[in-house]
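Notes follow once the structure below has been shown.
4 protein chains.
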Amino acid sequence: MAYRTSDKVRDKKDAKRTAMMQTAVQVFAEKGYHAATVRDIVQKAGVAIGTFYFYFPDKETLFVYLYEETGEFLAQTLEQAISSKTVLHQQVAAAVQAYVNIALYEPAVVHLMLVGGIGAVPSLHEKRSGFRERMAQMWQRPLDFATDEGKLPDQNTRRSAEMIAGACDEAILNLIAQPNAEESGVATVRDITLFVLRGLGYNSSAE
Amino acid sequence: MAYRTSDKVRDKKDAKRTAMMQTAVQVFAEKGYHAATVRDIVQKAGVAIGTFYFYFPDKETLFVYLYEETGEFLAQTLEQAISSKTVLHQQVAAAVQAYVNIALYEPAVVHLMLVGGIGAVPSLHEKRSGFRERMAQMWQRPLDFATDEGKLPDQNTRRSAEMIAGACDEAILNLIAQPNAEESGVATVRDITLFVLRGLGYNSSAE
Amino acid sequence: MAYRTSDKVRDKKDAKRTAMMQTAVQVFAEKGYHAATVRDIVQKAGVAIGTFYFYFPDKETLFVYLYEETGEFLAQTLEQAISSKTVLHQQVAAAVQAYVNIALYEPAVVHLMLVGGIGAVPSLHEKRSGFRERMAQMWQRPLDFATDEGKLPDQNTRRSAEMIAGACDEAILNLIAQPNAEESGVATVRDITLFVLRGLGYNSSAE
Amino acid sequence: MAYRTSDKVRDKKDAKRTAMMQTAVQVFAEKGYHAATVRDIVQKAGVAIGTFYFYFPDKETLFVYLYEETGEFLAQTLEQAISSKTVLHQQVAAAVQAYVNIALYEPAVVHLMLVGGIGAVPSLHEKRSGFRERMAQMWQRPLDFATDEGKLPDQNTRRSAEMIAGACDEAILNLIAQPNAEESGVATVRDITLFVLRGLGYNSSAE
DNA sequence: CATGAATGAGGGTTCATTCAT
DNA sequence: AATGAATGAACCCTCATTCAT
Numbered sequence: 001m002a003y004r005t006s007d008k009v010r011d012k013k014d015a016k017r018t019a020m021m022q023t024a025v026q027v028f029a030e031k032g033y034h035a036a037t038v039r040d041i042v043q044k045a046g047v048a049i050g051t052f053y054f055y056f057p058d059k060e061t062l063f064v065y066l067y068e069e070t071g072e073f074l075a076q077t078l079e080q081a082i083s084s085k086t087v088l089h090q091q092v093a094a095a096v097q098a099y100v101n102i103a104l105y106e107p108a109v110v111h112l113m114l115v116g117g118i119g120a121v122p123s124l125h126e127k128r129s130g131f132r133e134r135m136a137q138m139w140q141r142p143l144d145f146a147t148d149e150g151k152l153p154d155q156n157t158r159r160s161a162e163m164i165a166g167a168c169d170e171a172i173l174n175l176i177a178q179p180n181a182e183e184s185g186v187a188t189v190r191d192i193t194l195f196v197l198r199g200l201g202y203n204s205s206a207e
Numbered sequence: 208m209a210y211r212t213s214d215k216v217r218d219k220k221d222a223k224r225t226a227m228m229q230t231a232v233q234v235f236a237e238k239g240y241h242a243a244t245v246r247d248i249v250q251k252a253g254v255a256i257g258t259f260y261f262y263f264p265d266k267e268t269l270f271v272y273l274y275e276e277t278g279e280f281l282a283q284t285l286e287q288a289i290s291s292k293t294v295l296h297q298q299v300a301a302a303v304q305a306y307v308n309i310a311l312y313e314p315a316v317v318h319l320m321l322v323g324g325i326g327a328v329p330s331l332h333e334k335r336s337g338f339r340e341r342m343a344q345m346w347q348r349p350l351d352f353a354t355d356e357g358k359l360p361d362q363n364t365r366r367s368a369e370m371i372a373g374a375c376d377e378a379i380l381n382l383i384a385q386p387n388a389e390e391s392g393v394a395t396v397r398d399i400t401l402f403v404l405r406g407l408g409y410n411s412s413a414e
Numbered sequence: 415m416a417y418r419t420s421d422k423v424r425d426k427k428d429a430k431r432t433a434m435m436q437t438a439v440q441v442f443a444e445k446g447y448h449a450a451t452v453r454d455i456v457q458k459a460g461v462a463i464g465t466f467y468f469y470f471p472d473k474e475t476l477f478v479y480l481y482e483e484t485g486e487f488l489a490q491t492l493e494q495a496i497s498s499k500t501v502l503h504q505q506v507a508a509a510v511q512a513y514v515n516i517a518l519y520e521p522a523v524v525h526l527m528l529v530g531g532i533g534a535v536p537s538l539h540e541k542r543s544g545f546r547e548r549m550a551q552m553w554q555r556p557l558d559f560a561t562d563e564g565k566l567p568d569q570n571t572r573r574s575a576e577m578i579a580g581a582c583d584e585a586i587l588n589l590i591a592q593p594n595a596e597e598s599g600v601a602t603v604r605d606i607t608l609f610v611l612r613g614l615g616y617n618s619s620a621e
Numbered sequence: 622m623a624y625r626t627s628d629k630v631r632d633k634k635d636a637k638r639t640a641m642m643q644t645a646v647q648v649f650a651e652k653g654y655h656a657a658t659v660r661d662i663v664q665k666a667g668v669a670i671g672t673f674y675f676y677f678p679d680k681e682t683l684f685v686y687l688y689e690e691t692g693e694f695l696a697q698t699l700e701q702a703i704s705s706k707t708v709l710h711q712q713v714a715a716a717v718q719a720y721v722n723i724a725l726y727e728p729a730v731v732h733l734m735l736v737g738g739i740g741a742v743p744s745l746h747e748k749r750s751g752f753r754e755r756m757a758q759m760w761q762r763p764l765d766f767a768t769d770e771g772k773l774p775d776q777n778t779r780r781s782a783e784m785i786a787g788a789c790d791e792a793i794l795n796l797i798a799q800p801n802a803e804e805s806g807v808a809t810v811r812d813i814t815l816f817v818l819r820g821l822g823y824n825s826s827a828e
């Protein structure tokens with residue numbers, strides 16, 4: 001009886017869960033973990049507070065999950081962009097482009113990772129450290145590769161990677177703070193890519 | 208005589224006040240605005256909770272004040288470092304050196320500005336934006352100057368300034384996260400300075 | 415035909431209802447009224463939560479009903495044991511034996527009456543008082559009868575009845591708390607019966 | 622300054638803590654652990670809810686402490702009564718008298734131990750078992766002693782002790798349920814003592 | 001000036017209950 | 001009949017803030 005419709009119901013439930021998670025990401029991104037209350041989330045989602053606890057075990061678990069999930073998405077997207085290219089200047093350009101795309105299309109993702117999850121629960125510190133570590137390593141890999149190939153001068157590639165990550169974050173955070181960010185997207189990608197490649201001492205003429 | 212006593216009293220009061228503020232900075236930097244309780248602060252300061260409210264109107268006001276004060280100190284220090292030099296590569300080196308010094312000597316200052324005050328109170332958003340704006344402008348000024356002098360290729364100096372700020376923040380945050388940070392201080396200054404100057408397309412041989 | 419079907423349906427419904435009630439008794443007995451959630455009950459019964467509310471109006475009503483029903487069963491069983499005999503020492507022995515049997519065979523019944531329904535809902539206080547009253551009166555009747563026949567010395571039979579009830583409850587609660595209670599069943603019946611008859615000043619040789 | 626008055630303040634604080642604990646005992650005794658809310662307690666105590674948490678860490682801790690404390694008081698009082706005498710019939714009489722006194726003077730103590738702490742939190746089960754165990758052992762000691770002296774016929778003294786405890790509890794619970802309980806105190810002590818000694822097969826003429 | 005007992009708004013979470021399917 | 005998603009009152013507890021001493 002109820003079985004016939006169960007598929008439809010399950011789909012609807014999944015859709016609602018997803019919708020609530022997106023709402024939660026926005027609220028967390030906007031206010032940060034502590035300042036965002038469960039009541040804030042359910043109000044924005046238009047459901048009762050009990051509904052939150054029907055879908056998620058508790059606030060902290062959801063936040064950690066969202067943070068990991070979002071970080072995973074962001075990191076994988078950038079990693080794929082890098083993997084899709086073979087020479088450094090294309091890798092950097094692709095990754096920066098991907099980052100900017102995400103920032104323009106889903107700014108909450110960027111906010112959650114860079115702003116929302118700070119000063120929160122102890123278990124978050126590790127997650128946040130883990131994410132920053134992953135981003136650094138992601139940038140470091142192509143640098144080491146290019147160094148091996150003689151495309152980069154000798155340098156502490158780990159530190160360079162950190163600086164690239166920091167430079168991207170800051171430029172992108174400033175980008176999405178602008179009223180009409182989309183228009184500046186292309187220029188931003190170009191500026192960041194150029195700055196990064198120069199900063200690395202990349203010899204573009206060598207190709 | 209009366210003046211002397213009064214002065215002494217005020218000195219003592221100011222001293223206590225200052226001590227409490229330093230404690231507060233430490234606690235805020237360590238735990239973030241929300242997780243840091245007034246009780247945490249007064250316990251670490253060794254005073255009663257009522258004393259806190261004798262010296263400060265409330266937690267939020269103190270935090271905002273501390274954030275501004277600390278930001279002011281950080282910005283002024285870097286600005287002075289820049290002002291003390293006349294050519295770009297020295298300006299960058301001096302500012303980075305100053306930043307690293309603060310990070311090594313008073314990591315709480317850096318933590319408060321970059322980590323502690325996020326996702327906290329609404330009024331902080333502006334302050335935080337203001338601080339980042341100031342840092343960007345601080346970096347932008349010497350870039351514009353160097354551009355005018357033909358020492359830098361044409362570029363969006365505002366964006367370059369943002370990226371410098373972001374690169375510094377990230378590299379320094381990683382630095383002070385290390386167990387023995389002091390030893391890496393010199394190398395960090397060199398790495399950052401080199402990366403930044405290269406990133407800007409700075410023609411060092413032109414001098 | 416229609417009757418047959420209707421009967422079958424009702425039987426099935428009653429069967430399910432009965433099964434759920436038995437489950438509920440177990441859960442209430444084990445956890446007590448407050449700690450036992452409706453979810454606990456339906457999960458153990460293998461039905462959905464809505465089904466609970468199809469069969470029962472609400473948790474409290476069910477609990478009160480179960481408490482009354484179980485008390486009725488326990489009291490009637492003991493009363494019948496007493497009625498089946500004519501002389502006091504046999505009446506006591508039969509009632510104690512019946513009580514121990516129930517405790518060994520359906521410990522949940524005993525737990526529900528003696529442990530599960532305390533400090534629960536206000537309306538339970540009366541029910542609980544009523545049950546204890548009934549048990550006291552049940553024991554008092556044969557005592558009064560034996561007193562009239564000169565088999566018992568003068569005494570406050572009401573108080574004696576209360577003490578018999580209390581002694582039985584405590585001994586039986588201790589019995590079913592043991593790992594292998596069945597083995598001690600016979601001895602327990604003997605001990606209780608002897609203690610009670612002695613306590614009443616029963617002159618067994620007078621028969 | 623504040624030091625001079627600190628003694629007075631501390632005394633007042635202790636007094637308030639004690640008063641709140643007594644209030645809590647009453648509420649717990651009346652409603653049981655789960656049904657008694659922290660709001661119930663503070664309302665009856667005439668303080669704000671925060672005051673509760675200023676004096677006590679949380680509801681469960683307070684309850685366990687109160688339960689242990691009260692059990693300790695009850696058990697020690699009865700144990701002392703027993704220790705103050707040397708022959709069994711006086712020991713029983715003294716203990717029963719002490720129990721009845723407590724019941725009449727502080728019925729909440731009895732209610733908390735016999736009614737309030739049931740079906741509560743898991744950790745309470747042990748405490749409750751521990752208390753009943755202690756009461757049983759308390760009664761068993763003089764029985765074993767009297768048995769050694771040939772004052773009691775052979776019997777399972779552990780079981781006898783349980784029954785004595787149960788008989789006392791029930792009789793006393795019924796006593797304090799009466800409107801004018803004090804008047805029945807003397808008779809109750811006599812009835813219980815007589816019933817218990819008879820039940821044990823105590824040979825009073827042997828002295 | 002300094003103290004810390006006292007307050008209560010508000011946050012996270014549970015769970016009995018309803019109702020559309 | 002049966003289901004389980006959805007609800008929201010109510011619970012326990014924290015913590016910024018006040019004020020009498």
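Residue numbers (this note's numbering), protein chains in the order written: chain A, 1 to 207; chain P, 208 to 414; chain X, 415 to 621; chain F, 622 to 828.
Where a beta carbon is used, it is the ideal one built from N, C-alpha and C, also for glycine.
Contact criterion: CB-CB distance below 7 Å. Does residue i meet it with respect to chain A?
i, result
"P:Gly337", "no"
"P:Val322", "yes"
"P:Ala372", "yes"
"P:Asn465", "The requested residue 465 of chain P does not occur in the structure, where chain P is confined to residues 208 to 414."
Does DSSP put residue i in a helix, in a strand, or in coil?
i, result
"X:Ile463", "helix"
"X:Gly530", "helix"
"P:Glu356", "coil"
"X:Asp428", "helix"
"P:Gly278", "helix"
"F:Asn722", "helix"
"P:Ser291", "coil"
"X:Gly446", "coil"
"X:Thr451", "coil"
"A:Gly166", "helix"
"A:Asp144", "helix"
"P:Pro264", "coil"
"P:Gly408", "coil"
In whole angstroms, what separates the C-alpha of residue i from that of residue j?
i, j, result
"P:Pro349", "P:Asn363", "13 Å"
"F:Leu695", "A:Glu30", "58 Å"
"F:Pro743", "F:Thr682", "12 Å"
"X:Ala450", "X:Val441", "6 Å"
"F:Gly710", "F:Thr814", "One detail in the question is off: residue 710 of chain F reads as His in this sequence, not Gly. Cα to Cα, the separation comes out at about 8 Å."
"A:Glu162", "A:Asn180", "28 Å"
"F:Gln697", "X:Glu597", "34 Å"
"A:Arg39", "F:Ala798", "47 Å"
"X:Phe559", "X:Pro471", "43 Å"
"X:Glu482", "X:Leu492", "15 Å"
"X:Arg572", "F:Arg811", "14 Å"
Please report whether the beta-carbon of residue i lies at a distance below 7 Å from any beta-carbon of chain X.
i, result
"F:Gly806", "no"
Exposed or buried, residue i, counting other C-beta atoms within 10 Å across all chains shown (16 or more means buried)?
i, result
"P:Val403", "buried"
"F:Gln701", "exposed"
"P:Phe261", "exposed"
Step through the CB atoms of chain F and report whether any lies within less than 7 Å of the CB of residue i.
i, result
"X:Ile532", "yes"
"X:Asp583", "yes"
Using a beta-carbon distance cut-off of less than 7 Å, what residues from the region 440-463 of chain X approach chain F?
Lys445, Gly446, Tyr447, His448, Ala449
Going along the chain, which residues of the region 699-715 of chain F sit with their C-beta nearer than 8 Å to a C-beta in chain X?
none
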